[in-house]
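Just below is one structure, and these are the notes that go with it.
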Amino acid sequence: MSITLHKASHSYEDRGDVPLPVNRPRRLRRSETIRRLVAEHDVNAGDLIEPLFVVPGSGVRQEIRSMPGIFQQTVDRVVEDAKAAAALGIPAVLLFGLPPSKDETGSGLADPDGIVQRAIEALKRSIPELLVIADLCACEYTSHGHCGILRADGEIDNDRTLELLARGALSYARCGVDIVAPSDMMDGRVRVIRHQLDAEGFTDTAILSYAVKYASAWYGPFREAAGSAPAVGDRRTHQMDAPNAREALKEALADVEEGADMVMVKPALSYLDVLWRVRQAVNVPVAVYNVSGEYAMIKAAAASGWLDEPRAVDEMLVGFKRAGADCIVTYFARSCAARWKAAAARAR
Ligand code: PBG
Ligand code: ZN
Numbered sequence: 057m058s059i060t061l062h063k064a065s066h067s068y069e070d071r072g073d074v075p076l077p078v079n080r081p082r083r084l085r086r087s088e089t090i091r092r093l094v095a096e097h098d099v100n101a102g103d104l105i106e107p108l109f110v111v112p113g114s115g116v117r118q119e120i121r122s123m124p125g126i127f128q129q130t131v132d133r134v135v136e137d138a139k140a141a142a143a144l145g146i147p148a149v150l151l152f153g154l155p156p157s158k159d160e161t162g163s164g165l166a167d168p169d170g171i172v173q174r175a176i177e178a179l180k181r182s183i184p185e186l187l188v189i190a191d192l193c194a195c196e197y198t199s200h201g202h203c204g205i206l207r208a209d210g211e212i213d214n215d216r217t218l219e220l221l222a223r224g225a226l227s228y229a230r231c232g233v234d235i236v237a238p239s240d241m242m243d244g245r246v247r248v249i250r251h252q253l254d255a256e257g258f259t260d261t262a263i264l265s266y267a268v269k270y271a272s273a274w275y276g277p278f279r280e281a282a283g284s285a286p287a288v289g290d291r292r293t294h295q296m297d298a299p300n301a302r303e304a305l306k307e308a309l310a311d312v313e314e315g316a317d318m319v320m321v322k323p324a325l326s327y328l329d330v331l332w333r334v335r336q337a338v339n340v341p342v343a344v345y346n347v348s349g350e351y352a353m354i355k356a357a358a359a360s361g362w363l364d365e366p367r368a369v370d371e372m373l374v375g376f377k378r379a380g381a382d383c384i385v386t387y388f389a390r391s392c393a394a395r396w397k398a399a400a401a402r403a404r
């Protein structure tokens, strides 16, 4: 059998007929069942990490204007959300704190009675099996909003900031945190944090390093969520420059060498090539951070009726898996896990 070509559309000397296609990839796309059988990747609740924003007080649940469906909450409410996440099969939460006061040196970061410290304790007490990851950076604690302690000339003092980060990590560990996640991009922080934790006996506290973190416009809504915008200047002297990918491998390899148990690439959508390259370069789990601006963009488009949110989100998340992510920090975690659970129940 062959396909007969219409002669008028064909100007070659040999007007012989063309054989039927040999390859027909469409055979494996004919039904939902067969598509599921041959799927190369999948994404499920067990891959997700849910970020949570903690504020002082009790009974507060304040929606973040630029992140519909995401809230700043007091510890009591955070525990409720974390319980819901755990019940949906989400293995981990990532904590950010909005402290009641800030100072020049970000001392609140290592306050044993700090907001994140309180949240870690409450979470480990009420949901011991849920992994608690705490973001470790000075910018939510400094009055100037920079990710480190400033020198007299206004530049961030890398090595003094390392001491603060080490103290912060230790205070989290003392509260029972499972994983500390330095997001500051100071040089050499993983080694200092590892040494500090080990010196105090916290050899089982893991480090998830934001090893590859770009200076990015996609953090816009987070600055409102965490109240952490720099008063003047930007983060370009420590966060990475968008055109660079090779440099990401240098950062990731250095952090693994210094003792990072896992590394993160952030943001996600504009850096999938970097995620892929980091995945090839290291032998530790790689996380990706689907950041606030990526969330806000989809939410805004969906609210205007311009995107089908569930389909867009699922396609994006499996794309992160395909690009090499072992786990995904995403503000969509709970809504996805709930939707997938409901769909699985309907399928049964
Ligand atoms: C703190 C930190 C930021 C994010 C995570 N940790 C902001 C920043 O570096 O400016 C961004 C998260 C997001 O946008 O969702 N250093
Ligand atoms: Zn910071």
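Here the working numbering is used: the first residue of the sequence shown is 57, the next is one more, and so on. Just so it is clear, CB atoms sit at the ideal spot from N, CA and C, and this is done for glycine as well. In this text the structure is predicted, and so the values were computed from the model without any measurement.
For residue i, three-class secondary structure by DSSP
i	result
ILE384	strand
PHE278	helix
GLU256	coil
PRO81	helix
LYS158	coil
MET242	coil
THR198	strand
GLU96	coil
VAL134	helix
PRO366	helix
GLN336	helix
ARG402	helix
ALA190	strand
SER58	strand
VAL344	strand
VAL233	coil
GLY349	helix
CA-to-CA distance, residue j to residue i, given in whole angstroms
i	j	result
HIS62	VAL94	37 angstroms
VAL135	ALA310	35 angstroms
VAL411	ALA308	Here the chain comprises residues numbered 57 to 404, so residue 411 is not present and cannot be evaluated.
ASN79	ILE189	48 angstroms
VAL321	THR386	13 angstroms
GLY102	ILE176	21 angstroms
TYR351	ASP73	52 angstroms
MET242	VAL344	19 angstroms
VAL330	SER157	37 angstroms
ASP240	PRO81	46 angstroms
LYS355	ASP254	42 angstroms
ARG91	ARG133	40 angstroms
ARG207	TYR266	24 angstroms
LYS231	ARG86	Going by the sequence as given, residue 231 is Cys instead of Lys. Cα to Cα, CYS231 sits roughly 53 angstroms from ARG86.
ASP169	ARG223	13 angstroms
ILE249	ALA400	42 angstroms
ASP209	ALA304	28 angstroms
GLY414	ARG367	It is not possible to answer for residue 414, since the shown part of the chain is limited to 57 through 404.
GLU371	SER163	41 angstroms
Distance between beta carbons of residue j and residue i, contact taken as under 8 angstroms
i	j	result
PRO155	GLU196	7 angstroms
LEU108	LEU151	6 angstroms
LEU264	LEU221	Wrong, their Cβ atoms sit about 14 angstroms apart, outside the cutoff.
PHE348	ALA281	Per the sequence presented here, residue 348 reads as Ser, with Phe not at that position. 6 angstroms between Cβ atoms; contact.
LEU110	GLY153	The sequence given here has Val at residue 110, not Leu. The Cβ separation is near 5 angstroms, so the contact holds.
ASN300	ALA324	Actually they do not touch by this definition, with Cβ atoms about 17 angstroms apart.
ARG335	VAL342	5 angstroms
THR161	ILE205	5 angstroms
ASP137	GLN129	7 angstroms
8 angstroms Cβ shell around residue i - same chain, five flanking residues per side excluded
i	result
ASP167	PRO155, GLN173 and SER227
ALA142	ILE183, GLU185 and LEU186
GLY257	none
PRO277	ILE120, SER122, MET123, SER348, GLY349, TYR351 and ALA352
HIS251	ALA222
Residues of its chain near residue i, where Cβ-Cβ distance is below 7 angstroms and the 5 sequence neighbours each way are ignored
i	result
ARG247	GLU314 and GLY315
ARG378	HIS97
SER284	CYS195, GLU196 and GLY201
MET57	LEU76
LEU144	ALA101, ARG390, ALA393, ALA394 and LYS397
LEU84	ILE90 and VAL94
VAL369	ILE354, PHE388 and CYS392
Of the listed residues the options, nearest to residue i (C-alpha basis)
i	options	result
ALA403	LEU305, ARG82, THR89 and ALA271	THR89
LEU76	ALA343, SER122, GLU256 and THR60	THR60
CYS383	ARG83, VAL99 and ARG91	VAL99
ALA140	ALA400, MET318 and ALA393	ALA393
PRO238	ALA298, ALA262, LEU363 and ALA381	ALA262
ILE171	THR293, ALA400, ARG279 and VAL131	VAL131
LYS306	MET318, VAL338, THR293 and ASP317	VAL338
LEU328	PRO112, HIS251 and GLY380	GLY380
TRP274	ALA287, ALA298, VAL319 and HIS251	ALA298
ILE235	ARG245, ASP260, ARG216 and THR217	ASP260
MET296	ARG302, LYS269 and ARG279	LYS269
Sequence-distant residues of its chain with Cβ nearer than 6 angstroms to residue i (five each side left out)
i	result
ALA389	LEU104, GLU106 and ILE146
ALA148	ILE105, LEU187 and ILE189
ILE126	ILE120 and TYR387
ARG291	ALA271
VAL233	ILE176, VAL188 and ALA190
ASN214	MET242 and ASP243
VAL312	VAL338 and VAL340
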